[in-house]
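One line per chain: the protein sequences are H and U, in this order. So the first sequence is numbered by this note's numbering: it starts at 4 and just counts up by one. So the second sequence is numbered by this note's numbering: it starts at 184 and just counts up by one. The beta-carbon is built from N, C-alpha and C at its ideal position, and this holds for glycine as well. Written out below as structure tokens is the structure these notes cover.
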Amino acid sequence: QRRSLEQYGEECKTKTYPPSGPTFKGNVPTYIINLDLPPSKRWDELMRDKKTELKTVVQNIKDIANTFFPSGKIVDIVDHKISHLTETLPYPFNEELQGIANSSGVPLGEIVIFNIFYEIFTV
Amino acid sequence: CTSIVAEDKTGKLYHARNLDFGLFLGWDVKNNSWTLTRELKPTVVNLDFQRNNKTVFRSTNFAGYIGMVSGVKPDLFTLTMNERFSLDGGYVGIFEWFLGRRDGMWMGFLTRAVLENATSYQDAKDKLAKTRLLAPAYFILGGKNSGEGCVITRSRTAALDIWDLDIKKGTWYVLETNYDRWKPPLILDNRRTPAMKCLNQTTQENISLPTIYDVLSTKPVLNKLTVCTTLMEVYNGHTETYLRECPDPCSPW
């Protein structure tokens, strides 16, 4: 298996910048996050533009959870119980998460899970 | 992930990373790619956090995620975070949090707080090294002065190792993937050796953001999990982010 993975290695690339060609998939848009706004409003503009993409990612994670727990109980717990975790999170993050849930239409529990995915995933 | 802080012969510092994410979270047979990795790409954004119409810091984020995994505080420091796997992992911290022990920081919130509030490279280094965490992590930090660059290997409670740039001893770059530097990487996931080989071939004389982009574009440093490449310079908080694709043949991680 190691040998089969080593076949993916290649000689050090040169002159790949500026990015182009088959390994370049596109540029990234820039948004301003105004820290003078109330935390619940800071992410509104970004969510207005990206809520569909965010919903796709969250749905994918839910689909994986449902694959392992077909009863749907895990997603049910996330939607109805995990949202209470927000109350224990420090300011301003708790209010920012609530704001993202409001402006994206994604349930708060799912937004919280997306934001603590690192801690869950390090297992 | 692969993060690099490098210093050129003039003392200028560069910081760059490949953000790899989505391992085992669905394989799309039709497109020969990780499903979550593919779906995350359209959510990648550069953010400019401002107060009084002035930039406080910049970051590269997934839309909907309020923590930080890559960011720059102009003229002070650059920061990336790489995932560190451990049996004493984040689930332990989460369990403790539910039980009421809440003196640890969530990783993304710590990096966000550091980018927002730290007043110097040393201040950022201290906060990243000493704050109790819910999950282990690697913090890769760059400054603006010669020798200011390090990899902080964190357990949930302590800094296990701080690896600093040391130009006099020939350490002109520090590099972190997802393994402790004093241990060999997982035999099936060795991105460290090819990345170091390419950096050594590049040499300190020729190091720059374009040549670091070359390193991060070399398979398997670039792999099927790579969502984007971010290039940063601390001076004026310069940031560039590019979405990536790894055409076949390409390592799955």
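{"Asked": "For Leu-414/U, write down the residues that DSSP places opposite it in a beta bridge.", "Found": "Ala-199/U, Glu-423/U"}
{"Asked": "Starting from the C-beta of Ala-342/U, find all residues in its chain whose C-beta is less than 6 angstroms away, skip the five residues before and the five after it, and write them out in chain order.", "Found": "Ala-312, Ile-335"}
{"Asked": "To the nearest angstrom, report how far apart Ile-80/H and Glu-190/U are at their CA atoms.", "Found": "48 angstroms"}
{"Asked": "Touching or not, the region 249-268 of chain U and the region 354-364 of chain U, by the rule of three or more beta carbon pairs under 8 angstroms?", "Found": "yes"}
{"Asked": "For Val-252/U, I'd like the list of residues in its chain whose CB is within less than 6 angstroms of its CB, leaving aside the five on either flank, ordered along the chain.", "Found": "Met-264"}
{"Asked": "What are the start and end residues of the beta strand (DSSP E) that includes Asp-309/U?", "Found": "Here Asp-309/U belongs to no beta strand (DSSP E); instead the alpha helix (DSSP H) covers 304-313."}
{"Asked": "Enumerate, from N- to C-terminal direction, the unbroken beta strand (DSSP E) stretches of 3 or more residues contained entirely within the region 203-264 of chain U.", "Found": "227-234, 237-245, 253-256"}
{"Asked": "Can you tell me the Cβ-Cβ gap for Asp-403/U and Tyr-20/H, rounded? I've got them flagged as a contact below 8 angstroms.", "Found": "Per the sequence shown, residue 403/U should be read as Pro rather than Asp. The pair is not a contact, with the Cβ atoms about 19 angstroms apart (cut-off 8 angstroms)."}
{"Asked": "Using the Cβ count rule (16 or more neighbours within 10 Å means buried), how would you classify Asp-203/U?", "Found": "buried"}
{"Asked": "Tell me the start and end of each unbroken beta strand (DSSP E) in the region 337-407 of chain U that is at least 3 residues and wholly inside, in chain order.", "Found": "342-347, 356-359"}
{"Asked": "For Tyr-321/U, name the three-state secondary structure that DSSP assigns.", "Found": "strand"}
{"Asked": "In this structure, does DSSP put Ser-329/U in helix, strand or coil?", "Found": "coil"}
{"Asked": "Quick one: which chain H residues come within Cβ less than 7 angstroms of Phe-292/U?", "Found": "Pro-93, Phe-96"}
{"Asked": "Who are Val-115/H's beta bridge partners in DSSP?", "Found": "For Val-115/H, which the question treats as bridged, DSSP gives no partner whatsoever."}
{"Asked": "With burial defined as no fewer than 16 other Cβ atoms inside 10 Å of the residue's Cβ, what is the status of Trp-365/U: buried or exposed?", "Found": "exposed"}
{"Asked": "How long is the line joining the alpha carbons of Gly-12/H and Asn-215/U, rounded to whole angstroms?", "Found": "18 angstroms"}
{"Asked": "Work out the CA separation of Pro-22/H and Tyr-425/U for me, nearest whole Å.", "Found": "8 angstroms"}
{"Asked": "Give me, in chain order, the residues of the same chain whose beta-carbon lies closer than 7 angstroms to that of Trp-346/U; leave out the 5 immediate sequence neighbours on both sides.", "Found": "Cys-333, Val-334, Val-357, Arg-364"}
{"Asked": "Please report how far the alpha carbon of Ile-155/U lies from the alpha carbon of Leu-298/U, in whole angstroms.", "Found": "It is not possible to answer for residue 155/U, since the shown part of chain U is limited to 184 through 436."}
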